[in-house]
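S.K.: Quick note, the sequence shown lines up with residues 3 to 304 if you use the numbering used here. Heads up, the beta-carbon is just placed ideally off N, CA and C, and yes, glycines get one too. Here the structure is a predicted model, which means the values were calculated and not measured.
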Amino acid sequence: MRRPLDPPASARRRRLAAAGLAGLLMMSLTGCSDLVERGFLPKGVTSHSEEFTTFWNTTWLWALGVGVFVWGLTFWCVVRYRRRKTDVGLPPQMQYNVPIEILYTVVPVFMVAVLFGKTVELDNTLLDTSKKPDVTINVVGKQWSWDFNYVEAGVYDSGTQAHLTGKRGAEKGLITLYLPVNQRVEFVLTARDVIHSFWVPQFLQKLDMMPGRVNKFQVVPTETGTFQGKCAELCGAYHSEMLFQVKVVPQAEYQQHVASLKARGQTGFLSNRLNRSELVPGEQQFLPPGVDQSSIVEEGKK
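#1: Taking all protein chains shown into account, decide if tryptophan 146 is buried (16 or more other Cβ within 10 angstroms of its Cβ) or exposed.
#2: List the whole-angstrom C-beta distance separating glycine 227 from valine 47, where the pair is believed to meet the contact cut-off of C-beta under 8 Å.
#3: If the criterion is Cβ atoms closer than 7 Å, does the pair serine 49 and valine 222 meet it?
#4: Are the CB atoms of isoleucine 216 and asparagine 140 nearer to each other than 7 Å?
#5: Taking 8 Å as the cut-off, does the stretch 157-174 touch the stretch 199-208 (at least 3 CB pairs, one atom from each stretch)?
#6: Where does tyrosine 158 land, buried or exposed, given buried means 16+ other C-beta within 10 angstroms?
#7: Near glutamate 243, which residues of its chain fall below 8 Å by C-beta distance, leaving aside the five closest residues on each side in sequence?
#8: If you measure between the beta carbons of glycine 143 and methionine 211, is that distance less than 7 Å?
#9: For the beta strand (DSSP E) that threonine 56 lies in, which residues bound it at each end?
#10: Kindly confirm or deny that the stretch 270-281 and the stretch 173-188 touch, where touching means at least three C-beta pairs closer than 8 Å.
#11: How many whole angstroms separate the CB atoms of glutamine 220 and proline 135, which I take to be in contact at a CB cut-off of 8 Å?
#12: Start and end of the beta strand (DSSP E) containing methionine 244?
#13: What's the gap between the Cα of aspartate 8 and the Cα of tryptophan 73?
#14: At the level of alpha carbons, what is the spacing between glutamate 300 and leucine 124?
#15: Which value, in whole angstroms, describes the spacing of the CA atoms of glutamine 286 and methionine 113?
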């Protein structure tokens, strides 16, 4: 036997409680900080940041909507069909419900297909290197630091492993990559030894650096400032100390930095002969002119 449906007063109380909960949720969302509005991502500083953040937040909102729907159905079934003291025997048994099973199959497949399509679309945008860059940087990962070849300027900078002491000021010894603001920068990524990953969190983008391979991506930094970079791929004992900094500066300050590298004699490019393994056949074509596997330009020579 089943208990009669709840009286209207109980139904009204439930509706009022649901409305109050919804109102409280709306009030909390309107007071969100910038961090919450970004989906807890770092504040992006490139031309792709808004597009990536929107995609990230939309994905989580759809996932939350599905979760709330499923949790609601589960809770409703638990309450509506709970066993009561007056019930005897087993409840009516059902083998299947074709319409519901079709709904629960088709809708998730459709959602996954849309998410996959949007992911590929965004991925193609982030990895598009068809536009001519204003600045090309050959970033070379090595255990456990970085080398930067400034291709158009014909200069380089070479880093050494960071030593984290837990005290302030340790970042002053990190190698620093200079980039001009509002200029299209192409990163040409190579590795000297093992797999590394070039990551500046506030660029909201990272890419692996594979021995023998050449990977590329472009960004347009839209804000000046100093940003922290690191290797995002476990690459050995001192992976945590494979750090660097990025300074996005006005064009004049960028030119000053290039001039200072020239004044220190750091002209030419660091040779790819320093790599443990040669480039895979066919990868040579992806390197900028002057930065090639057969280069014999060493430190301080041009």
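M.R.: The structure says:
#1: buried
#2: Right, the Cβ-Cβ distance comes to about 7 Å (below 8 Å), so this counts as a contact.
#3: yes
#4: The question names isoleucine, but residue 216 is valine in the sequence shown. Cβ distance not < 7 Å, so valine 216 and asparagine 140 don't count as in contact.
#5: no
#6: When all chains shown are included, tyrosine 158 counts as buried.
#7: Trp146, Gln163, Ala164, His165, Leu166
#8: Contact flag set, yes.
#9: In the DSSP assignment, threonine 56 falls outside any beta strand (DSSP E) and within the unbroken alpha helix (DSSP H) covering 51-82.
#10: no
#11: 6 Å
#12: Where methionine 244 is concerned, there is no enclosing beta strand (DSSP E), given that its DSSP letter is neither H nor E.
#13: For aspartate 8, the predicted model reports a pLDDT of 49, less than 50, meaning its position is unreliable; a value from the coordinates is still stated below. About 22 Å.
#14: For glutamate 300, the predicted structure reports a pLDDT of 43, less than 50, and the residue's modelled location is therefore unreliable. A value from the coordinates is still provided. So the two alpha carbons sit approximately 39 Å from each other.
#15: 40 Å
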